[in-house]
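Asks:
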Amino acid sequence: MKRITPWLVPIVQVLIAIGFILLVYAVSWFGQSYTFKATSYEPYDPFFGDYVYLEFDSLEGRQDVDSGTVYVSFKTDDAGFATIDRVSSRPFFGGTRAEYYDRQVFITDMSSYRVAEDEKAVIEGAKTFEVEVDVAPWGMVRAHDLRPIEAETE
Amino acid sequence: MSIDKKVREWKEAGLLDETTGQRLIDFEYKKLAVSDKREHKPPILVIIGSILLALSLFSFVAANWQAIPDLVKVSIFLVFMLGMYVAAERLQVKAPRYVTLFRVLGVVFFVATMIVIFTTYNLSSQLPLLFWLFFAVAVLHKLIYKHPIFTFIAALAAFLAVTNSFQGIGITLILFGLLVTWVWFHYGDNELDRIFAWFSFYGLLLTIGQYIDYEGRFWPLWALAALHILFLVYRERAQWQYLYLFVAAILSIGYLVNATEGWLSQRQPSVIEATLLSVVLVAVYLTHRRPDLLWVSLLAVIPFSLFEDSGILLAILLEVVALAYLIMQDHERKPIVLAFIYFLLVQMTIYFIYVWDRLDISLFFLIGALIVFALSLALWWRSRTRGDART
Numbered sequence: 016m017k018r019i020t021p022w023l024v025p026i027v028q029v030l031i032a033i034g035f036i037l038l039v040y041a042v043s044w045f046g047q048s049y050t051f052k053a054t055s056y057e058p059y060d061p062f063f064g065d066y067v068y069l070e071f072d073s074l075e076g077r078q079d080v081d082s083g084t085v086y087v088s089f090k091t092d093d094a095g096f097a098t099i100d101r102v103s104s105r106p107f108f109g110g111t112r113a114e115y116y117d118r119q120v121f122i123t124d125m126s127s128y129r130v131a132e133d134e135k136a137v138i139e140g141a142k143t144f145e146v147e148v149d150v151a152p153w154g155m156v157r158a159h160d161l162r163p164i165e166a167e168t169e
Numbered sequence: 002m003s004i005d006k007k008v009r010e011w012k013e014a015g016l017l018d019e020t021t022g023q024r025l026i027d028f029e030y031k032k033l034a035v036s037d038k039r040e041h042k043p044p045i046l047v048i049i050g051s052i053l054l055a056l057s058l059f060s061f062v063a064a065n066w067q068a069i070p071d072l073v074k075v076s077i078f079l080v081f082m083l084g085m086y087v088a089a090e091r092l093q094v095k096a097p098r099y100v101t102l103f104r105v106l107g108v109v110f111f112v113a114t115m116i117v118i119f120t121t122y123n124l125s126s127q128l129p130l131l132f133w134l135f136f137a138v139a140v141l142h143k144l145i146y147k148h149p150i151f152t153f154i155a156a157l158a159a160f161l162a163v164t165n166s167f168q169g170i171g172i173t174l175i176l177f178g179l180l181v182t183w184v185w186f187h188y189g190d191n192e193l194d195r196i197f198a199w200f201s202f203y204g205l206l207l208t209i210g211q212y213i214d215y216e217g218r219f220w221p222l223w224a225l226a227a228l229h230i231l232f233l234v235y236r237e238r239a240q241w242q243y244l245y246l247f248v249a250a251i252l253s254i255g256y257l258v259n260a261t262e263g264w265l266s267q268r269q270p271s272v273i274e275a276t277l278l279s280v281v282l283v284a285v286y287l288t289h290r291r292p293d294l295l296w297v298s299l300l301a302v303i304p305f306s307l308f309e310d311s312g313i314l315l316a317i318l319l320e321v322v323a324l325a326y327l328i329m330q331d332h333e334r335k336p337i338v339l340a341f342i343y344f345l346l347v348q349m350t351i352y353f354i355y356v357w358d359r360l361d362i363s364l365f366f367l368i369g370a371l372i373v374f375a376l377s378l379a380l381w382w383r384s385r386t387r388g389d390a391r392t
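Residue numbers (our numbering), protein chains in the order written: chain A, 16 to 169; chain B, 2 to 392.
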């Protein structure tokens, strides 16, 4: 036992690191996938970093809760996009933690998207997107597969 | 070789005879051979070459950082981290001085690994969990490797964990934090460990107030009263027990400021809660009965003094308590420096609160400085006469 003790620390630290990575993949394994419509303030430019900051139309609008920390769950509407299913100030199973203020639900992990290397060329210059978001039963979210939408309105 | 030349020179000058010269040369060569064998220095070009190679490897990795697959990135850091701990164990016998350095580097690489994981997977919502895990790992370092530097790393981690938990913390994290802090408090072999662990307890209790949406102004007092539970288990007299006095002193000044700033006090405290809190504060003193901590139970006055908006009642009370504490410490021949600092702070706070608006600013600071000067002079005179009495 004496000889193993000093190795306990590095082993625990490796397990923590692996645990966090597994946690991220577990969101996709056990979670439900939704498609969100998203816009960014300005066209994506790889020069300014890996992240693009997104706003979601379906998270805007008045909700029937006090502002502050809220919990939300999602459902898919007829057009195939995700909308808010349930909002509550109290935590409930499957609820994602969010902030609600200025008539807007704000989810930290969804509002900034890290652009993968192979997506950069596709989304450069785009402002409106579709994005897949996996929502785990325990409320964690993981956004992936950001795709630009051709701006047909203009 | 220069020694041959020197010996030949000395022989030609007639300073050495033939045999002595030969023995000198033999001796020097033998010494050189031994030192060569012992030092075994790598050639300087190899050193420069390997430094350049390492630098080029680093810049290669850095330049292609974004192109490297995520898992490989994390693995690179994990391998470095493991390398540090392996190096620490290897050096245990050879160079024990560097063991702790490599362990600290191991912590640094663990932090770096977690930064990489959190930025590549965009996990910012899990930050409180990460900080509590980091705190647990730091405590584990302290318990296993027993070096004082890990006490400070654990204290830093605890501070980060507590301050990052005010926004949102769940019940599981609170329980986990309490468990880790208790382990640190109970098994930490150093007085300093217990002091920092005590502060972590207090910080955690404050975040619990946030978690249960406590509305009111008494939570810091409730937390301090709750911490007296530790006396039920840890009965021996120790340095960390003076932290109750320390925090009580800070809280009293904090409440004095809070009571007098009219715009801060949003609501009147409830009478029932104030009564309950006062009873609890006196009751905990009556159960543990430590004469040093009698002054903590005087906090029982604060809940009631908050009913009066101008804060004059509280100011007078604190003034009396600070003066009484100073005189008592002096009377019992205990060190009075801390009591004096508290007394001075109360004077300055009251002075700031009631005089700031009423005086010209330069006059304000002039009179303030004169008060501090006069009080310090009194302390100096007092300690001098005390010293005379003792000798």
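Built from N, CA and C at the ideal position, the CB exists for glycine as well. Computed from a predicted model, the values in this text were never measured in an experiment.
(1) How many angstroms separate the CA atom of TYR243(B) from the CA atom of GLU145(A)?
(2) Report yes or no: do three or more beta-carbon pairs, one from the region 180-192 of chain B and one from the region 142-161 of chain B, lie closer than 8 Å?
(3) Buried or exposed for THR392(B), going by 16 or more other Cβ atoms inside 10 Å?
(4) Any idea what DSSP makes of VAL148(A), helix, strand or coil?
(5) For HIS142(B), which residues in chain A fall below 9 Å Cβ to Cβ?
(6) Would you kindly work out how many angstroms separate the C-alpha atoms of ALA75(A) and ASP117(A), rounded to a whole number?
(7) When we look at the beta-carbon of HIS229(B) and count the other beta-carbons within 10 Å, is it buried (16 or more) or exposed?
(8) Does the CB of VAL75(B) have a neighbour CB from chain A at under 9 Å?
(9) So the alpha helix (DSSP H) PRO21(A) belongs to, where does it begin and stop?
(10) Look at the alpha carbon of ARG383(B) and the alpha carbon of TYR343(B), and state the distance between them as a whole number of angstroms.
(11) Return the CA-CA distance between VAL184(B) and TYR59(A), expressed in angstroms with no decimal places.
(12) Just tell me which of PHE45(A), ALA41(A), GLN119(A) and ALA32(A) has its CA closest to the CA of ASP72(A).
(13) Counting contacts by CB-CB distance shorter than 9 Å, is VAL138(B) in contact with chain A?
(14) Closer than 8 Å by C-beta to TRP296(B): which residues in its own chain qualify, once you throw out the five before and the five after it? Chain order, please.
(15) Which term fits TRP357(B), buried or exposed, when burial requires 16 or more other beta carbons within 10 angstroms of its beta carbon?
(16) Would the beta-carbon of ALA162(B) fall within 9 Å of that of GLY178(B)?
(17) Buried or exposed: which applies to ILE213(B), given that a residue is buried once 16 or more other Cβ atoms fall within 10 Å of its Cβ?
(18) CA-CA distance, GLY84(B) and GLY107(B)?
(19) Mapping DSSP to helix, strand and coil, what is PRO163(A)?
(20) In the DSSP assignment, find the beta strand (DSSP E) that holds TYR115(A) and state where it starts and stops.
(21) Between GLN28(A) and PHE103(B), how many whole angstroms is the CB-CB distance? I'm expecting something under 8 Å.
(22) Under 9 Å, Cβ to Cβ, is there at least one residue of chain B near THR168(A)?
(23) Just how far apart, CA to CA, sit THR50(A) and GLY312(B)?
(24) Take TYR56(A) as the anchor and find which of VAL148(A), GLY140(A) and TRP153(A) has the nearest alpha-carbon.
(25) Please state whether DSSP places TYR352(B) in a helix, a strand or coil.
(26) Report the three-state DSSP secondary structure of TYR146(B) (helix, strand or coil).
(27) Could you name the residues of the region 148-177 of chain B whose beta carbon sits closer than 7 Å to any beta carbon of chain A, in the order they occur along the chain?
(28) Report the neighbours of GLY107(B) on chain E: residues whose CB is nearer than 9 Å to its CB, in chain order.
(29) Secondary structure at ARG101(A), three-state DSSP: helix, strand or coil?
(30) Between the C-alpha atoms of TRP381(B) and ILE337(B), what's the straight-line distance to the nearest angstrom?
(31) LEU318(B) and VAL302(B) look like a contact to me (Cβ under 8 Å); what is the Cβ gap, rounded to whole Å?
(32) Could you have a look at SER271(B) and say whether DSSP puts it in helix, strand or coil?
(33) With a CB to CB cut of under 8 Å and the five nearest residues on each side skipped, what residues in its chain are close to GLU333(B)?
(34) Does any C-beta atom of chain A lie closer than 9 Å to the C-beta of ARG24(B)?
(35) In the DSSP assignment, what are the bridge partners of ARG129(A)?
(36) Can you tell which of PHE63(A), SER126(A), VAL87(A) and GLU165(A) has its C-alpha closest to the C-alpha of ALA158(A)?
Replies: Taking the structure as given:
(1) Translated into positions along the second sequence, residue 243(B) becomes position 242. Translated into positions along the first sequence, residue 145(A) becomes position 130. Using only the alpha carbons, I get a separation of about 59 Å.
(2) Counting Cβ pairs under 8 Å, three or more are found: they touch.
(3) Against the second sequence, residue 392(B) aligns to sequence position 391. Reliability of the predicted coordinates at THR392(B) is poor, the pLDDT of 40 falling under 50, and the value obtained from them is presented with this limitation in mind. Under this definition THR392(B) is an exposed residue.
(4) The count along the first sequence starts at 1 and reaches residue 148(A) at position 133. If DSSP states are grouped into helix, strand and coil, VAL148(A) belongs with the strands.
(5) The count along the second sequence starts at 1 and reaches residue 142(B) at position 141. Taking a Cβ-Cβ threshold of 9 Å, the residues of chain A close to HIS142(B) are VAL24, in chain order.
(6) Reading the first sequence from its first residue, position 60 is the one you call residue 75(A). Reading the first sequence from its first residue, position 102 is the one you call residue 117(A). Rather than Ala, the amino acid found at residue 75(A) in this sequence is Glu. Cα atoms of GLU75(A) and ASP117(A): separation of roughly 9 Å, rounded to the nearest angstrom.
(7) Walking along the second sequence from the start, residue 229(B) turns up at place 228. Residue environment: HIS229(B) is assigned as buried (16 or more neighbouring CB atoms within 10 Å of its CB, all protein chains considered).
(8) For the purposes of this step, residue 75(B) is identified with residue 74 of the second sequence, where counting begins at 1. For VAL75(B), the answer is yes, since a Cβ of chain A falls inside 9 Å of its Cβ.
(9) Locating residue 21(A) in the first sequence gives position 6, where the first residue counts as 1. Secondary structure note for PRO21(A): its alpha helix (DSSP H) is the uninterrupted segment 20-45.
(10) Here residue 383(B) refers to the residue found at position 382 of the second sequence. Here residue 343(B) refers to the residue found at position 342 of the second sequence. Within the model, the alpha-carbon separation for ARG383(B) versus TYR343(B) is close to 17 Å.
(11) Translated into positions along the second sequence, residue 184(B) becomes position 183. Translated into positions along the first sequence, residue 59(A) becomes position 44. Cα atoms of VAL184(B) and TYR59(A): separation of roughly 48 Å, rounded to the nearest angstrom.
(12) As a working mapping, residue 72(A) is identified with position 57 in the first sequence. Ranking the options by Cα distance to ASP72(A), first place goes to GLN119(A).
(13) Here the question's residue 138(B) lines up with position 137 in the second sequence. Yes - at least one Cβ of chain A is within 9 Å of the one on VAL138(B).
(14) Taking the first residue of the second sequence as 1, we reach residue 296(B) at position 295. Beyond the five residues adjoining it in sequence on each side, TRP296(B) comes within less than 8 Å, by CB distance, of LEU246, ALA249, VAL322 and TYR326 in the same chain, given in chain order.
(15) Locating residue 357(B) in the second sequence gives position 356, where the first residue counts as 1. By the neighbour-count criterion, in which 16 or more other beta carbons inside 10 Å mark a residue as buried, TRP357(B) falls on the exposed side.
(16) For this step, residue 162(B) is matched to residue 161 along the second sequence. For this step, residue 178(B) is matched to residue 177 along the second sequence. ALA162(B) is a Cβ neighbour of GLY178(B), given a cutoff of 9 Å.
(17) What you label residue 213(B) is simply residue 212 of the second sequence in a count that begins at 1. By the neighbour-count criterion, in which a residue is buried when 16 or more other Cβ atoms sit within 10 angstroms of its Cβ, ILE213(B) is exposed.
(18) As a first step, residue 84(B) is located in the second sequence; it is residue number 83 there, counting from the start. As a first step, residue 107(B) is located in the second sequence; it is residue number 106 there, counting from the start. Spanning the two alpha carbons is a distance of roughly 8 Å.
(19) Walking along the first sequence from the start, residue 163(A) turns up at place 148. PRO163(A): strand per DSSP, three-state reduction.
(20) In the first sequence, the residue the question calls residue 115(A) occupies position 100. Residues 111-116.
(21) Sequence index remark: in the first sequence, residue 28(A) carries index 13 (1-based). Sequence index remark: in the second sequence, residue 103(B) carries index 102 (1-based). Contact flag wrong, Cβ pair sits at about 14 Å.
(22) One-based indexing of the first sequence puts residue 168(A) at position 153. Caution is warranted here: a pLDDT of 48 is assigned to THR168(A), below 50, making its placement in the model unreliable, and no coordinate value can be reported.
(23) Taking the first residue of the first sequence as position 1, residue 50(A) is located at position 35. Taking the first residue of the second sequence as position 1, residue 312(B) is located at position 311. Roughly 58 Å between the two C-alpha positions.
(24) Along the first sequence, read from residue 1 onward, the residue named residue 56(A) stands at position 41. Among VAL148(A), GLY140(A) and TRP153(A), the Cα nearest to that of TYR56(A) belongs to GLY140(A).
(25) Your numbering for residue 352(B) matches position 351 in the second sequence. If DSSP states are grouped into helix, strand and coil, TYR352(B) belongs with the helices.
(26) For this step, residue 146(B) is matched to residue 145 along the second sequence. In the structure shown, TYR146(B) sits in a helix (DSSP, three-state: H, G or I).
(27) Listed by position, the residues of the region 148-177 of chain B near chain A (Cβ gap below 7 Å) are GLY169.
(28) Among the chains of the structure shown, chain E does not appear; the protein chains present are A and B.
(29) Here residue 101(A) refers to the residue found at position 86 of the first sequence. Look at ARG101(A) here: in three-state DSSP terms it is strand.
(30) Position 380 of the second sequence holds residue 381(B). Position 336 of the second sequence holds residue 337(B). Computed Cα separation, rounded: 11 Å.
(31) Within the second sequence, numbered from 1, the residue matching residue 318(B) stands at position 317. Within the second sequence, numbered from 1, the residue matching residue 302(B) stands at position 301. For a cut-off of 8 Å, the C-beta gap from LEU318(B) to VAL302(B) is around 6 Å, short enough to register as a contact.
(32) Your numbering for residue 271(B) matches position 270 in the second sequence. Of the three classes helix, strand and coil, the one that applies to SER271(B) here is coil, per DSSP.
(33) Residue 333(B) sits at position 332 when you count from the first residue of the second sequence. Beyond the five residues adjoining it in sequence on each side, GLU333(B) comes within less than 8 Å, by CB distance, of no other residue in the same chain.
(34) Position 23 of the second sequence holds residue 24(B). Using beta-carbon distances, ARG24(B) does not count as an interface residue toward chain A, since no partner is under 9 Å.
(35) Within the first sequence, the letter at position 114 stands for residue 129(A). In the DSSP assignment, ARG129(A) is bridged to TYR66(A).
(36) Position 143 of the first sequence, counted from the start, is the residue given in the question as residue 158(A). The residue with the shortest Cα to Cα distance from ALA158(A) is SER126(A).
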